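In this note's numbering, the protein residues as written are 5 to 325.
Beta carbons: idealized from backbone N, C-alpha and C, even for Gly.
Predicted model only: the values in this text are computed from it and were never measured.
As structure tokens, the structure follows; a few thoughts come after it.
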């Protein structure tokens, strides 16, 4: 039996990665997921360098298993964050929202495993050429920053798998064991899950935001701000203002003024549900309770196994004879 390349690459039991989400992925969440057999990831986007250093240190104290950090490449203090990561005992670095060619060689020279998040097969090939160890193929169902192509996970994953020789993690719209198995049937060797872990006890999201995620229904999110950096948002007063501005033909400068500063922190971390930016994936409609992270991992893996056994049943396989 061929070993799973994601598990081998990260040194983990399950090919399941918790996404490093802005304002929602502290050391407590990363450590809990790693201790449960997946790969926990700290989200650096919402952290000043000193804060990031503290989270990396505390995560190492809370787990003896591998964990990672997600580093969006579009933030102004990127150099300081990289210095913190290189000085810390963090084995895996996920980069996103920028070109991997800028920093991959430096991370690799320091012995780090590097994974880049992509929204197209073209970007996946560029990431492979830059020397990354794996890629995350993230469909536009996902929350947070997203691809302008609006390619769904179902279409994106096989295109990326066909385009690179690297192990591929699927992301976007995955919150259950059934979805995990489906992604792996498309050629992914593991999954990255974000939105489901927002609604975890260890997430640093505000309790009111977690409750809003649990209450979300079908059609409650939209991909917006595509003139800036595309992001999927829950509907609220702020998203309605963005929608009205975009419908009126607002330019990039107008949208930046409307977005302002600290909008994501206001919504997801401080719980301002009307005026805040509420980033979450379409799969929020399937999330109906807040659970401990270890319970989420166990639930996903149990459903994965049960679904796999169901598909082996003669009722599903008799047409193969």
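Burial state of residue 52 is exposed, judged by a 10 Å Cβ sphere holding fewer than 16 other Cβ atoms. Contact check for residue 50 against residue 27 passes: the beta carbons are separated by less than 7 Å. Rounded to whole angstroms, residue 105 and residue 269 show a C-alpha spacing of 29 Å. For residue 161, the CB contacts under 8 Å within the same chain, skipping 5 residues up- and downstream, are 141, 143, 172, 174, 187, 190, 191, 192 in chain order.
As a beta-bridge residue in DSSP terms, residue 283 pairs with 237. By the neighbour-count criterion, in which a residue is buried when 16 or more other Cβ atoms sit within 10 angstroms of its Cβ, residue 323 is exposed. Residue 25 and residue 198 do touch by the CB rule: their CB atoms are close to 5 Å apart, below 8 Å. Of the residues 41, 43, 68, 89, the one whose Cα lies closest to the Cα of residue 55 is 89.
Note on the segment 224-279: whole beta strand (DSSP E) runs with a minimum of 3 residues are 225-228, 235-238, in chain order.
The Cβ-Cβ distance between residue 45 and residue 74 falls below 7 Å. Contact between residue 64 and residue 93 holds, since their C-beta atoms are separated by about 5 Å, short of 8 Å.
Residue state for residue 201 is assigned as helix, using DSSP reduced to three classes.
Apart from sequence neighbours up to five positions away, the residues of its chain that approach residue 228 with a beta-carbon distance below 8 Å are 234, 235, 236, 237, 243, 246, 247, 250, ordered along the chain. For residue 174, there is no enclosing alpha helix (DSSP H); the enclosing beta strand (DSSP E) covers residues 172-175. Listed as beta-bridge partners of residue 311 by DSSP are no residues whatsoever. A distance below 7 Å between beta-carbons, with the five flanking residues on each side excluded, links residue 182 to the following residues of its chain, in chain order: 307, 311.
Taking a C-beta distance under 7 Å as the contact criterion, residue 275 and residue 210 qualify as a contact pair. Measuring C-alpha to C-alpha distances from residue 125 to each of 157, 286, 216, 164 identifies 164 as the nearest. In the DSSP annotation of this structure, the continuous segment of the alpha helix (DSSP H) that includes residue 37 starts and ends at 31-39. The DSSP-derived three-state label of residue 67 is coil.
Annotated as distal: residue 285 and residue 66, with beta-carbon spacing of 7 Å or more.
Per the DSSP secondary-structure output, residue 16 pairs with nothing in a beta bridge. The continuous stretches of beta strand (DSSP E) do not include residue 86, which lies in the alpha helix (DSSP H) extending over residues 82-91.
In this structure, the beta-carbon distance from residue 277 to residue 316 does not fall below 7 Å. Counted as a single uninterrupted DSSP element, the stretch harbouring residue 179 is not any alpha helix (DSSP H), since DSSP gives it neither H nor E. Counted as a single uninterrupted DSSP element, the beta strand (DSSP E) harbouring residue 142 occupies residues 138-142. Membership of residue 102 in any beta strand (DSSP E) is not indicated, and neither H nor E is assigned to it by DSSP.
For residue 149, the pairing in a beta bridge is given by DSSP as 235. Selection 167, 159, 166, 169 evaluated against residue 177 yields 159 as nearest (Cα-Cα). Linking residue 279 to residue 239 through their CA atoms gives a straight-line distance of about 11 Å. Nearest to residue 91 by C-alpha distance, out of 99, 297, 110, is 110.
Its Cα nearest to that of residue 202, the residue 288 stands out among 131, 288, 129.
Per DSSP, residue 319 lies in no beta strand (DSSP E) segment; the continuous alpha helix (DSSP H) that holds it begins and ends at 318-321.
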